[in-house]
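Engineer: This is the structure I want to talk about, given as structure tokens.
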Amino acid sequence: MAPSIQLVGLHCRTAFSDVTIGFMTKFTVNDRPVQYRMDPETPLLWALRDASNLTGTKYGCGTGDCGACMVEVDGEAIRSCLVTIGEMEGRFVTTIEALSRDRSHPVQQAWAAENVPQCGFCQSGMIMAAAVLLKKNSNPSKSEIDEAITNICRCGTYPRIREAIQRAGRVARGEAVLSSAPPPGIDPEDAAKAVPALTPKE
């Protein structure tokens, strides 16, 4: 069993900074038990970013509209700006950092193969929402994708997102193999060289 990590919130960007911090909440983040000594009303988003340094989960709007802060909680796609750490007691949270440590997840590979990102800011939330969808339905229609993926992309990459999700579904079902995405286990600095479209010409 992984050792429990105790995390003390040095600050949190909420209205609760004047509350005495003495509450300890315990739950699991990325398969590791954690304990946050922070105000129980602290949004999960800020505990993940500020105390755990899991900055792949993005702050976009803070009102639950954009979906940039999406994480998986007990198998559901949850906007982490809308739930508190007090509500997470005993639950299991997965962030983008642990979706696949070697980038072998079908959604990650399909995202690269379909060249989905532009600015990339919303993409971690999009990927988490897509991964949860495919866990429940490995062969979603475009209408089912539109219903499940309610995240906002200001760059308008929705057509590529739909294609990537359906392609990832085919990979997950064993009906397709992605050869244009970085192979699992490759070092980050070599990842771009493994994708023909990203390899600079001499």
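Per this note's numbering, the very first residue in the sequence shown carries number -1; after that it's consecutive. We treat Cβ as the ideally placed atom computed from N, Cα and C, and that holds for glycine. Keep in mind the model is a prediction, meaning the values are calculated, not measured.
Where Ile76 and Asn149 are concerned, what is the direct C-alpha to C-alpha distance, given to the nearest angstrom?
Structural biologist: 11 Å
Engineer: What's the C-alpha gap between Arg99 and Glu39?
Structural biologist: When rounded, the distance between both Cα atoms is 30 Å.
Engineer: Would Ala45 pass as a contact of Trp109 if the rule is Cβ separation under 7 Å?
Structural biologist: no
Engineer: For the candidate residues Gly118, Ile159 and Arg152, whose alpha-carbon lies nearest to that of Pro138?
Structural biologist: Closest by alpha carbon: Ile159.
Engineer: Starting from the Cα of Asp169, find the closest Cα among Ser122, Ser102, Cys153 and Ala127 and give me that residue.
Structural biologist: First, the amino acid is wrong: residue 169 is Val here, not Asp. For Val169, the nearest C-alpha among the options comes from Ser102.
Engineer: Pull up the distance between the alpha-carbon of Gly65 and that of Cys151, whole angstroms please.
Structural biologist: 9 Å
Engineer: So what's Pro31 in DSSP terms, helix, strand or just coil?
Structural biologist: strand
Engineer: Roughly how many angstroms separate the alpha carbons of Val17 and Gln107, rounded to a whole number?
Structural biologist: Reliability fails at Val17, whose pLDDT of 37 lies under 50, so the model's placement of it is uncertain and the value that follows must be treated cautiously. Cα to Cα, the separation comes out at about 44 Å.
Engineer: So is Cys67 buried or exposed if we call it buried at 16+ other beta carbons inside 10 Å?
Structural biologist: buried
Engineer: Rounding to the nearest angstrom, what Cα-Cα distance links Gly84 and Arg35 in this structure?
Structural biologist: C-alpha separation (whole angstroms): 11 Å.
Engineer: Leaving out the 5 sequence neighbours to the left and right, which residues in its chain are closer than 7 Å to Leu43 when beta-carbon positions are compared?
Structural biologist: Cβ within range, chain order: Thr55, Tyr57, Cys67, Ser78 and Cys79.
Engineer: Excluding the 5 residues flanking Thr26 on each side, which residues of the same chain have their C-beta closer than 8 Å to its C-beta?
Structural biologist: Val32, Arg89, Phe90 and Val91
Engineer: Does DSSP classify Pro115 as helix, strand or coil?
Structural biologist: coil
Engineer: Just confirm the distance between the C-beta atoms of Arg165 and Glu112, as a whole number of angstroms; I'd bet it's less than 8 Å.
Structural biologist: 6 Å
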